Amino acid sequence: MSSNEAFTGNEEAPTYAPSIPVPNVQELMREDPSQVPQRYVRDLKDRPKDTDLSHLSSLIPLIDFSLLLLGNEEELNKLDLACQDWGFFQKNKYAMPSDDIQGYGHGYVVLEEQILDWEIIEEYSNVIRKFGTELMESFSLIMGMEKEALLGLHKQLIQVYRVNYYPPCSKPDQVLGVSPHSDSSTITILMQDDGVCGLQIKHDNEWVPVNPFPYALVVNVGDVIEMWSNGKYKSIEHRAVANDNRARISYASFLFPHDKVEIEPLNHMIDQKTEQQIYKKVKYGDYLRNSMKRKMEGKAHTQMAKVEATLETL
10 MSSNEAFTGN
20 EEAPTYAPSI
30 PVPNVQELMR
40 EDPSQVPQRY
50 VRDLKDRPKD
60 TDLSHLSSLI
70 PLIDFSLLLL
80 GNEEELNKLD
90 LACQDWGFFQ
100 KNKYAMPSDD
110 IQGYGHGYVV
120 LEEQILDWEI
130 IEEYSNVIRK
140 FGTELMESFS
150 LIMGMEKEAL
160 LGLHKQLIQV
170 YRVNYYPPCS
180 KPDQVLGVSP
190 HSDSSTITIL
200 MQDDGVCGLQ
210 IKHDNEWVPV
220 NPFPYALVVN
230 VGDVIEMWSN
240 GKYKSIEHRA
250 VANDNRARIS
260 YASFLFPHDK
270 VEIEPLNHMI
280 DQKTEQQIYK
290 KVKYGDYLRN
300 SMKRKMEGKA
310 HTQMAKVEAT
320 LETL
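First residue of the sequence shown? That's 10 in my numbering, and the numbers climb one at a time after it.
Below, the structure written as structure tokens:
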């Protein structure tokens, strides 16, 4: 985890919900790759269906990040529609030019015979953080605010970086790599294996595969954006499926606010005709911990932040 500034003074670093230890799936596969432990087998209704919707993957919007940086109106409109209709989009990633410090890859290579650094995770994470910060400026604009407004609402931008590894599975039709869920972040930036498809998003009640697009990153709207926008921009359910012949690795960066930030719909995002407010005010740290204490069940964890959830308890 990283942030704009370290926790200072008497402020303690936040703690999160504990997780019950379970057997390591990689080790289980090494011991006997032909067997799937019963604990991983899904009920029939939850198993991935043998339907090929890969043709819909090409409909997932592709946003040109370089145009967003320039404030291109057409590209901002594409971002606006992508966040309303899909909640997901793919963002062109770009390598570091030889005369610049933006992009990702090896920096400070000055000699042909120079020994290159193997460890680039920290560098990648730092650059993704920069991308995320710049992307939030575009979100600010489509949400009708000044460029710096959304980042300012975070008080302190927190980043969590996670590597997901999915080994081959002998019975991929009976398991899920990750259960359906939406992210409790502001935005999530994901890099997939170029040759292995596993991510699926729920669109029009169908599970659409997000086929890896060369030189692109996948970005999805998180619950925080959905709450700030009063539901205009959707935090979409997604899941990961397994396959029987290739391992898959994905690299996810989650960006979200400081624990103490209070999240609620922005006044100008509430429909002025109906004045209907979908979400109530919640402290982000409470929301995050509540989400982490639950098993993944689609968007069930968002109920604690919804206005109707308050009415039901009266």
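Beta carbons are placed, not taken as given, at the ideal position from N, Cα and C, and that holds for glycine. Bear in mind that the values here come from a model prediction, so they are computed numbers and not experimental data.
{"Check": "Check this for me: beta carbons of A251 and P181, under 8 Å apart or not?", "Outcome": "yes"}
{"Check": "Skipping 5 residues on each side, what residues in its chain have a beta carbon closer than 6 Å to that of V217?", "Outcome": "L62, L65 and I210"}
{"Check": "Measuring straight from C-alpha to C-alpha, what distance separates F98 and P176?", "Outcome": "26 Å"}
{"Check": "Would you check if there are 3 or more beta carbon pairs closer than 8 Å linking the region 233-243 to the region 41-60?", "Outcome": "no"}
{"Check": "Helix, strand or coil: which one does DSSP assign to N173?", "Outcome": "strand"}
{"Check": "Going by other Cβ atoms of all chains shown within 10 Å of its Cβ, with 16 needed for buried, is Q312 buried or exposed?", "Outcome": "exposed"}
{"Check": "Excluding the 5 residues flanking P274 on each side, which residues of the same chain have their C-beta closer than 6 Å to its C-beta?", "Outcome": "N239, Q286 and Y288"}
{"Check": "Buried or exposed for P32, please, with buried defined as at least 16 other CB atoms from any protein chain shown within 10 angstroms of its CB.", "Outcome": "exposed"}
{"Check": "Exposed or buried, P223, counting other C-beta atoms within 10 Å across all chains shown (16 or more means buried)?", "Outcome": "exposed"}
{"Check": "How far does the alpha helix (DSSP H) with I151 in it reach, from first residue to last?", "Outcome": "I130 to I151"}
{"Check": "Could you tell me whether the Cβ atoms of L226 and I258 are closer together than 8 Å?", "Outcome": "no"}
{"Check": "Threshold first: 4 residues or longer. Then list the alpha helix (DSSP H) segments lying entirely within the region 51-100, N to C.", "Outcome": "74-78 and 82-94"}
{"Check": "Helix, strand or coil for Q168, going by three-state DSSP, please let me know.", "Outcome": "strand"}
{"Check": "Quick check: the Cα distance between C92 and V230, rounded to an integer number of angstroms?", "Outcome": "7 Å"}
{"Check": "Buried or exposed: P221, going by 16 or more other Cβ atoms within 10 Å of its Cβ?", "Outcome": "buried"}
{"Check": "For a test of the three-state rule: what should DSSP assign to Y260, helix, strand or coil?", "Outcome": "strand"}
{"Check": "Taking all protein chains shown into account, do 16 or more other C-beta atoms lie within 10 angstroms of the C-beta of Y338, making it buried, or fewer, making it exposed?", "Outcome": "As shown, the chain starts at 10 and ends at 323. That puts residue 338 outside it, with no answer to give."}
{"Check": "Comparing alpha-carbon positions, which option in Q201, E317 and T195 lies nearest Q165?", "Outcome": "T195"}
{"Check": "Using C-beta distances below 8 Å, list every residue in its chain close to K304, excluding the 5 sequence neighbours before and after it, in chain order.", "Outcome": "S188"}
{"Check": "Grouping DSSP H, G and I as helix and E and B as strand, with all else coil, what is I287?", "Outcome": "coil"}
{"Check": "Specify, as a first and last residue, the run of the alpha helix (DSSP H) that E215 falls within.", "Outcome": "Not the alpha helix (DSSP H): E215 falls in the beta strand (DSSP E), residues E215 to P218."}
{"Check": "Taking the alpha-carbon positions, what's the D41 to F265 distance?", "Outcome": "39 Å"}
{"Check": "Find the nearest neighbour of L53 within the set F263, E235, L185 and N299, judged by alpha-carbon distance.", "Outcome": "L185"}
{"Check": "State the start and end residues of the unbroken beta strand (DSSP E) segment that holds Q183.", "Outcome": "Per DSSP, Q183 belongs to no beta strand (DSSP E) and is neither H nor E."}
{"Check": "Out of curiosity, what's the CA-to-CA distance linking E132 and E83?", "Outcome": "31 Å"}
{"Check": "What did DSSP end up calling N299 once you bin it into helix, strand or coil?", "Outcome": "helix"}
{"Check": "Quick one: what does DSSP say K102 is sitting in, helix, strand or coil?", "Outcome": "Residue placement at K102 is flagged as unreliable, the pLDDT there being 47, under the threshold of 50; a coordinate-derived value is accordingly withheld."}
{"Check": "Enumerated in chain order, which unbroken segments of the beta strand (DSSP E) with a length of 3 residues or greater are wholly contained in the region 187-242?", "Outcome": "187-190, 196-201, 208-212, 215-218 and 225-230"}
{"Check": "Please report the Cβ distance between S262 and S43, rounded to the nearest whole angstrom; I am assuming they are in contact, meaning their Cβ atoms lie under 8 Å.", "Outcome": "Contact flag wrong, Cβ pair sits at about 35 Å."}
{"Check": "Would the beta-carbon of L297 fall within 8 Å of that of S147?", "Outcome": "no"}
{"Check": "With C-beta atoms as the reference, is L162 less than 8 Å away from V228?", "Outcome": "no"}
{"Check": "Apart from the five residues on each side of it in sequence, which residues of its chain come closer than 6 Å, Cβ to Cβ, to E306?", "Outcome": "none"}
{"Check": "Taking the C-alpha atoms as reference points, what is the distance between E155 and S149?", "Outcome": "6 Å"}
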